[in-house]
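Protein chains: 2
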Amino acid sequence: MAARYIDIKNSLKQAILNNEYRVGDKIPSERELALHYDVTRVTLQKAMHVLEQEGFIERIHGKGMYVTKVIEDNVYLLNNGTSDSILGFSREFKNQVKVSSKLITLNKIAAGEYIAAQLDIHADADIHYIRRIRLVDNVPVLIEDSYIPCAVIASIPEAVLQKASLYEYIENKTGRKIKFYNSVIEAALFDETLSALLNIETGSPMLKVSGVTKLEDGKAFNYSISFNRADMFKIKNSWVGK
Amino acid sequence: MAARYIDIKNSLKQAILNNEYRVGDKIPSERELALHYDVTRVTLQKAMHVLEQEGFIERIHGKGMYVTKVIEDNVYLLNNGTSDSILGFSREFKNQVKVSSKLITLNKIAAGEYIAAQLDIHADADIHYIRRIRLVDNVPVLIEDSYIPCAVIASIPEAVLQKASLYEYIENKTGRKIKFYNSVIEAALFDETLSALLNIETGSPMLKVSGVTKLEDGKAFNYSISFNRADMFKIKNSWVGK
DNA sequence: TAGTGGTCTAGACCACCTG
DNA sequence: AGGTGGTCTAGACCACTAG
Numbered sequence: 001m002a003a004r005y006i007d008i009k010n011s012l013k014q015a016i017l018n019n020e021y022r023v024g025d026k027i028p029s030e031r032e033l034a035l036h037y038d039v040t041r042v043t044l045q046k047a048m049h050v051l052e053q054e055g056f057i058e059r060i061h062g063k064g065m066y067v068t069k070v071i072e073d074n075v076y077l078l079n080n081g082t083s084d085s086i087l088g089f090s091r092e093f094k095n096q097v098k099v100s101s102k103l104i105t106l107n108k109i110a111a112g113e114y115i116a117a118q119l120d121i122h123a124d125a126d127i128h129y130i131r132r133i134r135l136v137d138n139v140p141v142l143i144e145d146s147y148i149p150c151a152v153i154a155s156i157p158e159a160v161l162q163k164a165s166l167y168e169y170i171e172n173k174t175g176r177k178i179k180f181y182n183s184v185i186e187a188a189l190f191d192e193t194l195s196a197l198l199n200i201e202t203g204s205p206m207l208k209v210s211g212v213t214k215l216e217d218g219k220a221f222n223y224s225i226s227f228n229r230a231d232m233f234k235i236k237n238s239w240v241g242k
Numbered sequence: 001m002a003a004r005y006i007d008i009k010n011s012l013k014q015a016i017l018n019n020e021y022r023v024g025d026k027i028p029s030e031r032e033l034a035l036h037y038d039v040t041r042v043t044l045q046k047a048m049h050v051l052e053q054e055g056f057i058e059r060i061h062g063k064g065m066y067v068t069k070v071i072e073d074n075v076y077l078l079n080n081g082t083s084d085s086i087l088g089f090s091r092e093f094k095n096q097v098k099v100s101s102k103l104i105t106l107n108k109i110a111a112g113e114y115i116a117a118q119l120d121i122h123a124d125a126d127i128h129y130i131r132r133i134r135l136v137d138n139v140p141v142l143i144e145d146s147y148i149p150c151a152v153i154a155s156i157p158e159a160v161l162q163k164a165s166l167y168e169y170i171e172n173k174t175g176r177k178i179k180f181y182n183s184v185i186e187a188a189l190f191d192e193t194l195s196a197l198l199n200i201e202t203g204s205p206m207l208k209v210s211g212v213t214k215l216e217d218g219k220a221f222n223y224s225i226s227f228n229r230a231d232m233f234k235i236k237n238s239w240v241g242k
């Protein structure tokens, strides 16, 4: 079903996560791996480039490919830009900790100019405005505001917002996968309203992440802003040259 | 000299920046562009994938390629993870504003465990510890601490730290290009020491970016932490699925 | 020099979108 | 149906690293 290079990438990723290859180990050469998986070098390279981008290996010209320093500090929750499934909050953490949501607001309103511009729709188009508190092991850690055009999803069951992953719901409902995520990361301070919702001090530092999510067909379906407790969130970012 | 696909990417990037293609425009198909640049589709696709990663175009299966919303808010300075030359501060901004540095500290010290672990060297190896204030149009906007192994660069002229780009100096000195950058982004508050250096209020929000930079041969050469005024810096992050 | 990753060709077939 | 991007093959040559 999926592309061959994705399968290969996942296979090697699992091998690394299972410690079959350890940090600093040299993994087999492209030519060996291509033979093993029975693909051409071009296809294998595609897999390896993705693995590199995701931060699992390092490719060094003339030397070989090496397993990178591990996925580090698990005390803090991270949310990066290069994983398979960055986007949904519950998706990312559901196997590690107990994630839940508390729905604060669910309204149908007109987009207004700013939101409309982000979503590439008309300012008078209807959208769902959703505000949720996210909890990890029952501790509130962030507030997330979402703006979703009614044209994409006519209605959103409250049950989804309370318990399930909104992204999975939308992928299933529309039959399209999530493709794009453009975000802007900023630091700010929690104001009275938001700090009260998280039960923390006003003026605490916040990591604010806002962005637009798009589906495979290029249609924007969600503009979101999340206000994250700075003491619980970091963002890992990796970059590979050229 | 450079790879063909990089040239093509830059050529199209320039065309977009010059408004030869405007936001929302459909650009020619892969097959047309491949013909025009006289390369195969595979090579052309490589160029386009990079261009997509850098946020200039969107590729939509079955439809075509479209110019993405522009590089936006130029009042704030941004520092993202997908550009050609993210890394150096002066590199990124030297054509837009007047960037200068003020050297606060330049010491040769032992790495110590934490820094040594980041740089993958011994804890008793010598490093340069550098603290600089960066100014944009003579306004101090961030503080940057750098930890550079003496084994990579024996000495660093003060003049470089005051005026020039440290990264360019190192690329020239070692004859190797910068390849890697793994960073962690956090939010925090400015303490007394740091706020005094930037002449802002203690307790102001800060965007803290720390990371390791590596050269082409995989050798770590700089662990840095930058403390950025949150009101002047945002980070743009784009992610493309699959 | 032998081995590695980096780039490129000239095809081919598939999956998706639109009229 | 015709055009678009997505994937893949089976080679080839180049650039870099090491002993």
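Line by line, the protein sequences give chains A and B. At position 110 of the first sequence the residue is numbered 110 (the UniProt record's numbering), and the sequence of numbers has no breaks. At position 48 of the second sequence the residue is numbered 48 (the UniProt record's numbering), and the sequence of numbers has no breaks. The C-beta atom is built at its ideal place from N, Cα and C for all residues, glycine as well.
Any C-beta of chain B under 8 Å from that of residue i
i                 : result
residue 243(A)    : As shown, chain A starts at 1 and ends at 242. That puts residue 243(A) outside it, with no answer to give.
isoleucine 104(A) : no
methionine 206(A) : yes
glycine 88(A)     : Because glycine 88(A) carries a pLDDT of 47, less than 50, the predicted location of this residue cannot be relied on, and no value is offered for it.
glycine 112(A)    : no
histidine 61(A)   : yes
glutamate 58(A)   : yes
alanine 230(A)    : yes
glutamate 92(A)   : Its pLDDT being 49, under 50, glutamate 92(A) is placed unreliably by the model, and the measurement read from it follows with that caveat. It does not: the Cβ of glutamate 92(A) has no partner Cβ on chain B nearer than 8 Å.
Within 8 Å, strictly: CB atoms of residue i and residue j
i                 : j                 : result
arginine 134(A)   : serine 101(A)     : yes
tyrosine 147(A)   : tyrosine 223(A)   : yes
aspartate 124(B)  : alanine 220(B)    : no
glutamate 30(A)   : arginine 22(A)    : no
glycine 55(A)     : asparagine 182(B) : yes
valine 184(B)     : glutamine 53(B)   : no
arginine 176(A)   : glutamate 144(A)  : no
methionine 206(A) : asparagine 237(A) : no
valine 209(B)     : glutamine 118(B)  : no
glutamine 45(A)   : leucine 103(A)    : no
isoleucine 60(A)  : glycine 218(B)    : yes
Rounded straight-line distance, which links the Cα of residue j to that of residue i
i                : j                 : result
asparagine 10(A) : proline 157(B)    : 46 Å
lysine 108(B)    : isoleucine 170(B) : 17 Å
threonine 174(A) : isoleucine 153(A) : 8 Å
glutamate 186(A) : threonine 43(B)   : 36 Å
glutamate 168(A) : valine 160(A)     : 10 Å
lysine 214(A)    : lysine 179(A)     : 6 Å
glycine 62(A)    : proline 28(A)     : 13 Å
leucine 51(B)    : alanine 47(A)     : 19 Å
leucine 198(B)   : valine 141(B)     : 7 Å
aspartate 231(B) : lysine 26(A)      : 44 Å
histidine 122(A) : glutamate 58(B)   : 21 Å
alanine 2(A)     : cysteine 150(B)   : 47 Å
leucine 166(A)   : leucine 106(A)    : 13 Å
alanine 110(B)   : asparagine 138(B) : 33 Å
serine 226(B)    : lysine 98(A)      : 33 Å
alanine 116(A)   : serine 155(A)     : 19 Å
isoleucine 39(A) : isoleucine 235(A) : Going by the sequence as given, residue 39(A) is valine instead of isoleucine. Distance between the alpha carbons of valine 39(A) and isoleucine 235(A): 35 Å.
glutamate 113(A) : isoleucine 8(B)   : 36 Å
alanine 188(A)   : alanine 188(B)    : 9 Å
tyrosine 5(B)    : leucine 12(B)     : 11 Å
Residue i CB to nearest heavy atom of the ligand GTP below 7 Å
i             : result
glycine 62(A) : Within the structure as shown, the ligand GTP is missing, as the structure has no ligands at all.
Beta carbon proximity, residue i to chain A, threshold 8 Å
i                : result
lysine 234(B)    : yes
aspartate 217(B) : yes
glycine 81(B)    : The predicted position of glycine 81(B) is uncertain, since its pLDDT is 41 and thus under 50; a value taken from the coordinates is nonetheless stated next. So, interface residue.
Inter-stretch contact (C-beta, 8 Å, three-pair minimum) for the region 190 to 197 of chain B and the region 30 to 44 of chain A: no
Stretch-stretch touch, CB-based, cutoff 8 Å, three pairs: the region 9 to 28 of chain A with the region 60 to 71 of chain A: yes
Under 9 Å (Cβ pairs) to chain A, residues found in the region 174 to 189 of chain B: Lys177, Ile178, Lys179, Phe180, Tyr181, Asn182, Ser183, Val184, Ile185, Glu186, Ala187, Ala188 and Leu189
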